[in-house]
Amino acid sequence: MNPFSENMQFDSRLYEVVSRIGKKNDKTKIKGLHELRDILDTIDVEGNIDTLLETIEDTIKSQDLQIRNLSIDVLYKLLSSVNERSKFKRVLSIWLYGFIENPEHATSKQIFNEFVNIEEIEDEFVQMVNFKENPVLGLICLRLLVKRGRKDYSRMIAENVKYLSLNSSRELREVYNLCKELGRVNELYEKIVMIKGPSLMNYKWRLLLDIFNALPKCIENDGKYLDNEVLCKAVERLDSCDDILVRNVDSLRIVFPKVKDKRGYMRRYLERGSIERLCILEFFDDFQFLNENVSFETVNKLVENVIKIHFQRNQDVEEIVTRMSMESLPRNLSSKSEENHEHTSPNGKKSILKTLLSSLDGLCGKRKIIRGDILEIELDPHEFTKEEIEDVFQHSVNVFPKDYILNSSFSCDLLPLVLKYPEEVGEERIRKTICKDNLHLFIPVCKDLDFLRSLMSSYDNKSMIEIYLSSDIPPALDLDFYYRLGDGIPRPRTIDYNRILERYLDSNFIRNIITNGVANRVELYNAVVSYLSLAEIPISTSYTSPFYDLDECFYGNVKIREQSRVILNLKNVYTNIYEGADEAFLLLLLDAMCDDEDESLDQELKDKGLPGGKKGLGEFILQDGSAVERWRSTDLGINQHFIEKVFFDLNLPSRRCGGKKIEELLEYGGPRAIDYILRKYSVPAQFIPSVDFSYLSNEALTYAVSVLENASKKGLPISLTEVPPEDQRIHPSGEEGVVDDHLLMSISRSNFKNLKTLGLEDIARIIEKDQLLSRKEYHKERYTIYSPLLRRIYNRIADSILNMYSISRLDTNSIDDEVYDLLRECFLGSVGLFWDFLLNSLLIVRNIRINAFFEKMIKEKEEWRAFLLDADLNQRSLFAFLFPNLFSAIPRMEVNLDSFILEEASRTIADVTVKTQKLTNGFDIRISYTAEGTLFKALVSIPSDYPYRKPVFTSEIGRKSLLNLKINEMIKKCSKFMELIGLWKVNIDEKISGHKECPICYLVIDLHDSSFPNSQCKACKNKFHARCIAKWVASGTRSNCPICRMPMENVS
């Protein structure tokens, strides 16, 4: 039996499918609908139509899109299969309601086009319309019924007006469309009039104007929101538009012809309306009224608009200006043109210019300056105060004469001036004004790229990347930013290889840009060769190769040795990056140009794993004959002799300038000849002082110093005529030969034979005149050569200081300034070597009072801060060791005191054992001393950041003992702690012998005269050093015993 129909055969497949579709699970429903769509062709559709329609009636309303679309597909097949469709009215009505809401499904469109007749399903469909649930859908459905149905639905819309909110554009659009079909619905009018909201105004007024033919008073408030079409319709029906305020220029053009009070209306419009693209002259030309009734900023914008709109071409303005005999005219009004506008005749433009200039009438002070800037006219600065000019300085720089702006002083921010006249304003003003926050504004206007680079050099990388991201960087600066920021920014747009040679010769950077394809290795190589052909390399005596000894070029115009930073940097670069024989030859060429006294390349090549160093590099070059030939054909111009020198070193044929013998070359005289003689021959000791040591190579200088050193061993001053001949002929080169005295006389250009003696002051003067000693790059090697003579000078000065200080202090009333002036004479009158003599001689002096005295006087008398800023690490460290209190008073500077501390700890004191231990936090110096069978121990702890933190002295005598307190006080002021250990030992010995410390200085032995405390107070019986009690009394405020406070006459 068929459970669905008693008259039909039971179909189990249909039953299963219908049951599956009826399940709640969406996946089951979808599966069932697929099966139903597939079996429709195999079942009796007409016999089961009721069951099928009932099944899809539920699914066709589903919220699931797939279920709904499958149901529509089944409905289409059912409609196509059945001729009698009267039973489909309800299902079609349900489907149609959904189709109107979502008409995208293709099958739904087919159903609508092929099977839907609104009149047939009108009664069922109208029951589906629900304004309360969905007003917009209700309006669309009602419009469909009105267009295709057979009934009158006016009453229906009237009854459902209460459900319309009219608060969306879509709803209003459907109301408008419905009313166009249905006609006027009076129940809607009041609701429409009450509509608010700018986005709804155009639909609102289309309904009022087109459907209801009404123009209610709310047009005054709504007019500003209407588009041009609707506004035009409304304005056509009005006699006056004074009360209709609009907000844009196009709307203003519509209403303005019907405005009666044009001034009042324009004032109100300019307060709230848009002035973009507004040419005020189209409506109004009374700038005096505008200045009085409209904000200053708004009038400025109106003036700018007129200029933009009417002035496009320079020739237009020039023609008009030539014809106008007015004093103040715009310089270039056309420069601000941005848009294309209808051409204005020259006469019209002349009139416009006059009108614009009238906008200045009535203005003064800052406002006139600003308006003048907009009009680009020149004003007289005497009409304004300095304060007014500075308050709007960004405008003032544009309106006042250039000479006045550049030559006047202003207290305001000068950035506008710097940006206006970057080339004339001056470097000092620019540096005071430009900072990282405004540099991005300065970069586009500055043409001096080197100056820009100097400004950027002081910024850190974080600031540099901020500048890069915020600025319009010229391509020529790309390389500068790339050097600092690397791959964090895009690659340079252009590569200036000359710029690389000038500033960025860093081997890591060069390797990086070549590896990453930023720079081309061949182009860099060619740029280097080109640079070397033009480089001015001074000829000096430091070129000591035998090749140069026979080259005539090296005997003329000889200079003092000077390093070329570019050549030196190029050498360092190619040491790390060279590839192939061509670049290897270039490396040897650069090494030759750096002079022969720099022998670092050989060791560097060995350290990099090249067997034989420079020799191995030469062998590598010789394997490539084509590279040798390329270099042989290379022309380096004035520097060609350096290529020939490399050929000479490679044992290849080479050419020298000239072909004279050495004897002929020496006759030229000059520094080269003198240096050659000192390198190759022995000379009389009298000859040495006549030579300028600045021009000597290190080899020649070593010989000259050795002659003076040997001569000084026999005592000072040196008697040059008494130096034995055998000493005159000793030379490190081992070569034999005697130089003719006549030749020596000619090349020295003086009669050196007249020089008989040489004092210590003379030796110091000779050393001080060596200019290379004062240059940091040569100081170390020259100082090493001079060290034998300098040690004699240091010792002599140290002895003089000790003697003079001791003598001067015999007078207890001696004045410190006078004592210092006396000691200053011990330094041989030296200026350039004063600090070197002072520090090294004080290092020898073992007197802590002298050390303290010099520290006090140097602080008052000498430019010690300037010295520290210019000193190298060793000089700075020596200063810090000798004057710890003075040095610790300045901001931290790098020093290394380890060697000085270890040297001080190595000094021996009889019967005292010293053990030094280096710790992570400094040094521990342990002291042991045995006296009368008793072991005494002490510890000196020196912190790692000494002298910024002070050392501490402790001993087993007791932390609160007077001796411990005194030494702890003294060790904080003096680094010569072994002197204090000696003082500690002596005082222990004397205490064991029965002596007591002086209660004033805490010591047993007086540091000045080694006396014991022998002045005794009769009252308390305490004894004092005579010098200590005298100083106590001399202070003027102390007339009593330091211990018992009895009158000083009791002290004997």
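Each residue of the sequence shown is one higher than the one before, counting from 1 in UniProt numbering. For each residue, glycine too, the CB sits at the ideal point set by N, CA and C. On a predicted model such as this, the values are computed, not experimentally measured, just so you know.
State the start and end residues of the unbroken beta strand (DSSP E) segment that holds Leu939.
To locate residue 939, count along the sequence shown from 1; it is residue 939. Annotation: the continuous beta strand (DSSP E) that includes Leu939 extends over Thr934 to Pro943.
For Lys776, which residues from the same chain have a beta carbon less than 7 Å from its beta carbon, with the 5 sequence-adjacent residues on both sides left out?
Working through the sequence shown from its first residue, we reach residue 776 at position 776. The residues are Asp872.
Could you tell me the distance, in whole angstroms, from the CA atom of Arg371 to the CA atom of Asp450?
Reading the sequence shown from its first residue, position 371 is the one you call residue 371. Reading the sequence shown from its first residue, position 450 is the one you call residue 450. So the two alpha carbons sit approximately 37 Å from each other.
For Arg561, count neighbouring Cβ atoms within 10 angstroms of its own Cβ and tell me buried if that reaches 16, exposed if not.
Position 561 of the sequence shown holds residue 561. So Arg561 ends up on the buried side.
Is the CB-CB distance between Lys756 and Ser712 below 9 Å?
For the purposes of this step, residue 756 is taken as residue 756 along the sequence shown, with counting starting at 1. For the purposes of this step, residue 712 is taken as residue 712 along the sequence shown, with counting starting at 1. Going by C-beta atoms, Lys756 is not nearer than 9 Å to Ser712.
Cβ shell of Cys974 (< 8 Å), same chain only, five flanking positions each side left out:
Taking the first residue of the sequence shown as position 1, residue 974 is located at position 974. Around Cys974, the same chain offers Ile848, Asn851, Ala852, Pro884 and Leu980 as residues with beta carbons nearer than 8 Å, after the five sequence neighbours per side are excluded.
Cβ contact (3+ pairs, closer than 8 Å) linking the region 494–510 and the region 526–534:
In this structure the region 494–510 touches the region 526–534; the number of beta carbon pairs closer than 8 Å is three or more.
Which value, in whole angstroms, describes the spacing of the CA atoms of Asp413 and Asp222?
Mapped onto the sequence shown, residue 413 falls at position 413. Mapped onto the sequence shown, residue 222 falls at position 222. It is roughly 48 Å from the alpha-carbon of Asp413 to the alpha-carbon of Asp222.
Which residues share a DSSP beta bridge with Ala931?
Working through the sequence shown from its first residue, we reach residue 931 at position 931. According to DSSP, which records beta bridges pairwise, Ala931 is partnered with Thr934.
Where DSSP assigns a beta bridge to Phe1024, which residues make up the other side?
Taking the first residue of the sequence shown as 1, we reach residue 1024 at position 1024. DSSP lists Ser1015 as partners of Phe1024.
Contact belief for Phe287 with Ser359 at Cβ below 8 Å, rounded distance in angstroms
Numbered from 1 along the sequence shown, position 287 holds the residue referred to as residue 287. Numbered from 1 along the sequence shown, position 359 holds the residue referred to as residue 359. That pair is a contact at about 4 Å.
What distance in whole Å lies between the Cβ atoms of Ile369 and Val399, which are believed to be in contact at a cut-off of 8 Å?
The residue labelled residue 399 in the question sits at position 399 within the sequence shown. The residue labelled residue 369 in the question sits at position 369 within the sequence shown. Indeed they touch by this definition, with Cβ atoms about 6 Å apart.
Cβ neighbours of Glu904 in the same chain (closer than 6 Å, five flanking residues each side left out)
Here residue 904 corresponds to residue number 904 of the sequence shown, with the count starting at 1. So the qualifying residues of the chain are Met978.
Does the beta carbon of Ile1000 sit closer than 9 Å to a beta carbon anywhere in chain D?
In the structure shown, chain D does not exist; there is a single protein chain.
The region 616–634 in contact with the region 520–528 per 3-pair CB rule at 8 Å:
Between the region 616–634 and the region 520–528 there are fewer than three inter-stretch CB-CB distances shorter than 8 Å, so the stretches are not counted as touching.
Report buried or exposed for Glu174, applying the criterion of at least 16 other Cβ atoms within 10 angstroms of its Cβ.
Your numbering for residue 174 matches position 174 in the sequence shown. Residue environment for Glu174: buried (at least 16 other C-beta atoms within 10 angstroms of its C-beta).
My output table needs one value for Pro732: the three-state DSSP class, helix, strand or coil.
Here residue 732 refers to the residue found at position 732 when the sequence shown is read from its first residue. Reliability fails at Pro732, whose pLDDT of 46 lies under 50, so the model's placement of it is uncertain and the value that follows must be treated cautiously. Residue state, collapsed to three classes: coil.
So, at 7 Å on beta carbons, what are the nonlocal neighbours of Leu716 in its own chain, with the 5 sequence-adjacent residues on each side left out?
Walking along the sequence shown from the start, residue 716 turns up at place 716. Taken in chain order, the residues that qualify are Gly759 and Leu760.
Tell me which residues share the same chain as Ser62 and place their Cβ nearer than 6 Å to its Cβ, disregarding the 5 neighbours each side in the sequence.
To locate residue 62, count along the sequence shown from 1; it is residue 62. In its chain, beyond the 5 residues on either side, Arg68 have a beta carbon closer than 6 Å to the beta carbon of Ser62.
Which one or two residues does DSSP pair with Thr913 in a beta bridge?
Residue mapping note: residue 913 aligns to position 913 of the sequence shown, counting from 1. Answer is Ser928.
Between the C-alpha atoms of Lys559 and Tyr497, what's the straight-line distance to the nearest angstrom?
Locating residue 559 in the sequence shown gives position 559, counting from the first residue. Locating residue 497 in the sequence shown gives position 497, counting from the first residue. Those two C-alpha atoms are separated by around 29 Å.
Let me make sure I understand the geometry here. Which of Arg792, Glu423 and Lys204 has the alpha-carbon closest to that of Val230?
Taking the first residue of the sequence shown as position 1, residue 230 is located at position 230. Cα-wise, what sits closest to Val230 is Lys204.
Nonlocal neighbours in the same chain, by C-beta distance under 7 Å from Asp242, ignoring five residues either side:
Locating residue 242 in the sequence shown gives position 242, where the first residue counts as 1. Its chain contains Val259, Lys260, Asp261 and Tyr265 as the residues whose beta carbon lies nearer than 7 Å to that of Asp242, once the 5 sequence neighbours on both sides are disregarded; these appear in chain order.
Of the residues Ser944, Lys109, Ser165 and Asn113, which one's Cα is nearest the Cα of Gln134?
Here residue 134 is taken as the residue at index 134 of the sequence shown, counted from 1. For clarity, residue 134 is Asn in the given sequence; the question names Gln instead. Nearest C-alpha to Asn134 among Ser944, Lys109, Ser165 and Asn113: Ser165.
Look up His341 in the DSSP assignment and say whether it is helix, strand or coil.
Translated into the one-based positions of the sequence shown, residue 341 becomes position 341. For His341, the predicted structure reports a pLDDT of 43, less than 50, and the residue's modelled location is therefore unreliable. A value from the coordinates is still provided. Correct three-state label for His341: coil.
Contact between the region 266–279 and the region 248–258 (3+ Cβ pairs under 8 Å)
Result yes; three or more Cβ-Cβ pairs closer than 8 Å.
Would the beta-carbon of Lys24 be found less than 8 Å away from any heavy atom of the ligand NAP?
Of ligands this structure carries none, so the ligand NAP is not represented either.
Assuming the contact rule is C-beta atoms closer than 8 Å, Ile60 and Ile49 should be a hit. Round their C-beta distance to whole Å, please.
One-based indexing of the sequence shown puts residue 60 at position 60. One-based indexing of the sequence shown puts residue 49 at position 49. The pair is not a contact, with the Cβ atoms about 15 Å apart (cut-off 8 Å).
Nearest to Ser941 by CA position, among Val683, Gly197, Ile890 and Asn921, is which residue?
Translated into positions along the sequence shown, residue 941 becomes position 941. Ser941 has its Cα closest to that of Asn921, out of Val683, Gly197, Ile890 and Asn921.
From Lys608, Gly616 and Leu652, pick the residue whose C-alpha is nearest to that of Glu629; which is it?
By one-based count along the sequence shown, residue 629 stands at place 629. The residue from Lys608, Gly616 and Leu652 with its alpha-carbon nearest to that of Glu629 is Leu652.
Ala1030 versus Asp811: straight-line alpha-carbon distance, rounded
What you label residue 1030 is simply residue 1030 of the sequence shown in a count that begins at 1. What you label residue 811 is simply residue 811 of the sequence shown in a count that begins at 1. Between Ala1030 and Asp811, the alpha-carbon positions lie close to 13 Å from each other.
Is it the case that the Cβ atoms of Leu882 and Glu855 are separated by a distance below 9 Å?
Mapped onto the sequence shown, residue 882 falls at position 882. Mapped onto the sequence shown, residue 855 falls at position 855. In this structure, Leu882 places its C-beta atom within 9 Å of the C-beta atom of Glu855.
If distances are taken between C-alpha atoms only, which option among Ser86, Glu292, Phe879 and Asp816 comes closest to Glu860?
The sequence position of residue 860 within the sequence shown is 860, counting from 1. Of the candidates Ser86, Glu292, Phe879 and Asp816, the residue whose Cα lies closest to the Cα of Glu860 is Asp816.
Could you pull the start and end residues of the alpha helix (DSSP H) that Val952 belongs to?
Within the sequence shown, residue 952 is the residue found at index 952, counting from 1. For Val952, there is no enclosing alpha helix (DSSP H); the residue is part of the beta strand (DSSP E) that begins and ends at Val952 to Ser955.
Any chance the region 656–670 sits against the region 602–619, with 3 or more Cβ pairs inside 8 Å?
They do not touch, by the three-pair rule.
Gly609 classed as buried or exposed, judged by whether at least 16 other C-beta atoms fall within 10 angstroms
Your numbering for residue 609 matches position 609 in the sequence shown. That one is exposed.
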